[in-house]
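Residue numbers for the sequence shown follow this note's numbering, so the first one is 506 and each next one is one higher.
All C-beta atoms in this analysis are idealised placements derived from N, C-alpha and C, irrespective of residue type, glycine included.
Here the structure is a predicted model, which is why all the values come from computation and not from measurement.
Worksheet for the structure shown next.
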Amino acid sequence: MSGESDQAAGASYAKGEESPPLLEETIGANFERTVAEHGDREALVEVATGRRWTYAELDRDVDAVARGLVAAGLETGDRIGIWAPNCAEWTLVQYATAKIGAILVNVNPSYRTRELAYAVNQSGLRMMVSAVSHKTSDYRAMLEETAEQTPTLERVVHLGTDDWDALLAGGADLSEDAVAERMATLRPDDPINIQYTSGTTGYPKGATLSHRNILNNGYLTTETIELTAEDRLAIPVPFYHCFGMVMANLGCTTHGATMVIPGPGFDAGESLACIAAERVTVQYGVPTMFIAMQNHPDFATTDFSTLRAGIMAGSICPIEVMKRCVNDMNMAGVSIAYGMTETSPVSCQTRADDDLERRTATIGRVHPHVEIKVVDPATGETVPRGTPGEFCTRGYSVMLGYWDDEAKTAEAIDADGWMHTGDLAEMREDGYCTIVGRIKDMVIRGGENVYPREIEEFLYTHPDIADVQVVGVPDERYGEELCAWVVMKDGREPLDVDAVRAFCEGRLAHYKLPRYVMVVEEFPMTVTGKIRKVEMRQVKWYDAEKGFGFLSREDGDDVYVNASALPEGTTTLKNGARVEFGVAQGRRGDQALQVTVLETESVRENQRSAQRAQRSAQRKKPEEMAGIVEDLIKLLEGVSEGYRHGRRPDNRTAKPTAKLLRALADELD
506 MSGESDQAAG ASYAKGEESP PLLEETIGAN FERTVAEHGD REALVEVATG RRWTYAELDR
566 DVDAVARGLV AAGLETGDRI GIWAPNCAEW TLVQYATAKI GAILVNVNPS YRTRELAYAV
626 NQSGLRMMVS AVSHKTSDYR AMLEETAEQT PTLERVVHLG TDDWDALLAG GADLSEDAVA
686 ERMATLRPDD PINIQYTSGT TGYPKGATLS HRNILNNGYL TTETIELTAE DRLAIPVPFY
746 HCFGMVMANL GCTTHGATMV IPGPGFDAGE SLACIAAERV TVQYGVPTMF IAMQNHPDFA
806 TTDFSTLRAG IMAGSICPIE VMKRCVNDMN MAGVSIAYGM TETSPVSCQT RADDDLERRT
866 ATIGRVHPHV EIKVVDPATG ETVPRGTPGE FCTRGYSVML GYWDDEAKTA EAIDADGWMH
926 TGDLAEMRED GYCTIVGRIK DMVIRGGENV YPREIEEFLY THPDIADVQV VGVPDERYGE
986 ELCAWVVMKD GREPLDVDAV RAFCEGRLAH YKLPRYVMVV EEFPMTVTGK IRKVEMRQVK
1046 WYDAEKGFGF LSREDGDDVY VNASALPEGT TTLKNGARVE FGVAQGRRGD QALQVTVLET
1106 ESVRENQRSA QRAQRSAQRK KPEEMAGIVE DLIKLLEGVS EGYRHGRRPD NRTAKPTAKL
1166 LRALADELD
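Put into structure tokens, the structure is as follows:
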């Protein structure tokens, strides 16, 4: 569509301001300008170890790492990975690679061998800088295990070991001009970073970002909160993500502010202690981090007097949480930012003088030097303001493309340079935008388009609900029906579908009321913490007439049952056993299917048979299911008090495997 048509009166189109001007330089050049101006100012604090650097000291150590990488043979454009939680060395490697033009590949600390091998091979890593371990992750062991599968990986450097010392020693004899000479050959549009998206389907894609992309996004995002060299910014968000690496680190170094690392990962108590001890002025976090801090026992006694601003991103912020940030945490300038890895990341942001409604109901307005529009996903036409459509953005911040994947790049970025985000949005008359969901999450019920985000936000207001996700599941009559997955607040009784519908009636249109409710302890997630709605939509078996169904994960582990639609009374199976289906409450408040067999023989012997059958089922693969069903039916015949997978057979709070429920489905046909 033409730019003139986009900008027609009333169209969902906006263009950002052209000031301040973009930084047309490399990250290394910008960093050295900051060092020259603020050399004696504190640049980096690692709270856990007590280590501190001024900008001059940080530049010295960054150059030492850069010389080590040059001496190791890394050339401009070579890929080097970093696999570690937040630490000072992460920052050193970030700026060292930027100075020599090596492309830094961020490896998620939660990755396991499969994801690790994929990222190494897809990006063609030559070197990996890695922690030895973190929490339950043994990085050294996983790298050794995948060594034969990753032929491009020539060298692994483990932080805190002789490997790291050897890397630094290797560059000690290089001229101090070696780094400057390499920097002089670099250009702002050169690729400098690959960040793997956490895609909820298939393998992740490597968003490739340039100096110009991320340097300016970090700069402009922090310009919006009026960051200065006087600020001290706490960074509990991960460095491997744009929030930490770009919005925090590059935001600080473009302004001469101080980067404060509270710990290797987020801990509410550590973050509160850090705010007071380090006199933090700006606090970053996703809403759940702020919620955790506000609910922590130390919150009431923490000194927040130095705080003035912050940035929240990643999900919607409940208005009560925002109120406490402003009123109780002294963060009058807290801002909401929206974006995605492919756009460096921020495209929209609220301003310090925006009211609470704008900071909780919207994602803000367009960023400087960026264009945004909302289009009809089917036609590509820009829609009128107030009409839902796909959010698109264009400008300096759009990635160079997905690494070594032209086809996926072409799917995401059109011929006119617009990045199609896949997010459903509305642009208000005032230019502020709201995200109403994902295109792939939209439910079409009886011809009506239903946006799960609207229902989720409404259900968040229920006093007993801690978290909620809404998905569409197949329905013979309407095509799709709504299913709400609900996590209860601690100590609250599980809700059934009648209670949820009663809460919605009169306040949501009838076609937006959930037909099914699943009460669960947690949602299926990707390794980067994104919710996998694709798993929630996988209906393994559902019979609308009988009114009994369930959803299960792909791997067949936990199965969540539509408790409200269980058959009432007694059901007789084909084998003659009479069973009752019910719902039991687990120790942590979760609901689980309970199957009670009313007629049995030799209960104790059959319980032992059931245990053997269950162990046998655990050892078998899904393709061997046919031979397991018979054993599972025997299990049903033999367990008089119900069954819970992995527990004693007489435990009445049963959470069965998918195998057991498939057997039940066969018996009820």
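Top-ranked residue by Cα proximity to S615, from A601, H639 and R631: H639
**Prompt:** If you run the structure through DSSP and keep just helix, strand and coil, what is G515?
**Reply:** coil
For N954, does the count of other Cβ atoms within 10 angstroms reach 16, so buried, or fall short, so exposed? exposed
According to the Cβ coordinates, are L812 and M836 closer than 9 Å?
yes
- Task: Could you pull out every residue in the same chain whose Cβ sits closer than 7 Å to the Cβ of D910, ignoring the five residues on either side in sequence?
- Result: K710
For this session: Within its chain, find whatever has a CB closer than 7 Å to the CB of E1129; leave out the 5 residues flanking it on each side and keep chain order.
Result: Residue confidence for E1129 is low, a pLDDT of 35 falling below 50, so the modelled location carries little weight and cannot support an answer.
_Own chain residues within Cβ distance below 6 Å of G676, not counting five before or after_ = R572, G573 and A576
Based on Cα-Cα distance, which residue from G952, R1006 and D969 lies nearest to R982?
G952
> Can you check whether the CB of V1002 is closer than 9 Å to the CB of V1022?
Replying inline: yes
Boundaries (first-last residue) of the alpha helix (DSSP H) holding V826:
I824 to N832
For the putative contact between P792 and V826, defined by C-beta atoms under 8 Å, what is the C-beta separation to the nearest angstrom?
-> 6 Å
- Go ahead and pull the three-state DSSP assignment for S635. strand
What does DSSP give as the partner residue(s) for F1008 in the beta ladder? Its beta-bridge partners do not exist; DSSP assigns none.
(Q) For T884, count the other beta carbons within 10 Å of its own beta carbon; 16 or more makes it buried, fewer makes it exposed. Which is it? (A) exposed
**Prompt:** Should N722 be labelled buried (16 or more other beta-carbon atoms within 10 Å of its own) or exposed?
**Reply:** buried
Nearest-angstrom Cα separation, counted from G665 out to D919:
45 Å
Inset, instruction - Name the residue from L672, G629, E620 and L630 whose alpha carbon lies nearest to the alpha carbon of M647. - result: E620
Does T806 pass the burial test, meaning 16 or more other C-beta atoms within 10 Å, or should it be called exposed?
exposed
Less than 6 Å between C-beta atoms, sequence neighbours within five positions excluded: which residues of the same chain meet that for W558?
A548 and L549
For R899, count the other beta carbons within 10 Å of its own beta carbon; 16 or more makes it buried, fewer makes it exposed. Which is it?
buried
Using a Cβ distance threshold of 8 Å, determine whether the stretch 747-765 contacts the stretch 726-736, with at least three qualifying pairs required. yes
I'd like to check one pair, V880 with V888: are the Cβ atoms closer than 9 Å? yes
Nearest-angstrom Cα distance between L1098 and H925?
-> At L1098, the pLDDT of 49 sits below 50, so the modelled position is not reliable; the number obtained from the coordinates is stated separately. L1098 and H925: Cα-Cα distance of roughly 42 Å.
- Message: Considering only DSSP beta bridges, list what G815 is partnered with.
- Response: Q788 and V839
Between the CA atoms of S524 and E847 - distance to the nearest angstrom:
23 Å
**Prompt:** L1071 to A866, Cα distance in whole Å?
**Reply:** For L1071, the predicted structure reports a pLDDT of 48, less than 50, and the residue's modelled location is therefore unreliable. The matter cannot be settled from this model.
Supposed close pair Y901, L929 - CB separation, criterion 8 Å
Actually they do not touch by this definition, with Cβ atoms about 25 Å apart.
Let me know the secondary structure DSSP gives D668 once reduced to three states.
helix
Review point. Where in the stretch 911-974 do unbroken runs of the alpha helix (DSSP H), each at least 4 residues long, occur, reported from the N-terminal end onward?
Key: 911-917 and 957-964
>> Under 8 Å: do the stretch 769-777 and the stretch 675-694 share three or more Cβ pairs, one atom per stretch?
In response: no
Beta-carbon proximity check, R950 vs L987, cutoff 9 Å: yes
- Task: Please list, in chain order, all residues of the same chain as F744 whose beta carbon is under 6 Å from its beta carbon, the five residues on each side excluded.
- Result: N591, W595 and M750
Discussion item. Quick check on the DSSP output: the alpha helix (DSSP H) that includes D876 runs from which residue to which?
Written reply: Per the sequence shown, the amino acid found at residue 876 is Glu instead of Asp. First-last for E876: V875 to V880, but that is the beta strand (DSSP E), not the alpha helix (DSSP H).
Would you call G1147 buried or exposed, if buried means 16 or more other Cβ atoms sit within 10 Å of its Cβ? Caution applies to G1147, whose pLDDT of 33 falls short of 50 and renders its modelled position unreliable; the value that the coordinates give is listed next. Buried, since its Cβ has 16 or more Cβ neighbours within 10 Å.
| Can you name, in chain order, every residue of its own chain whose Cβ lies under 7 Å from the Cβ of E650, other than the five neighbours on each side? | T618
Bounding residues of the alpha helix (DSSP H) (the contiguous stretch that carries Q599) | A593 to I605
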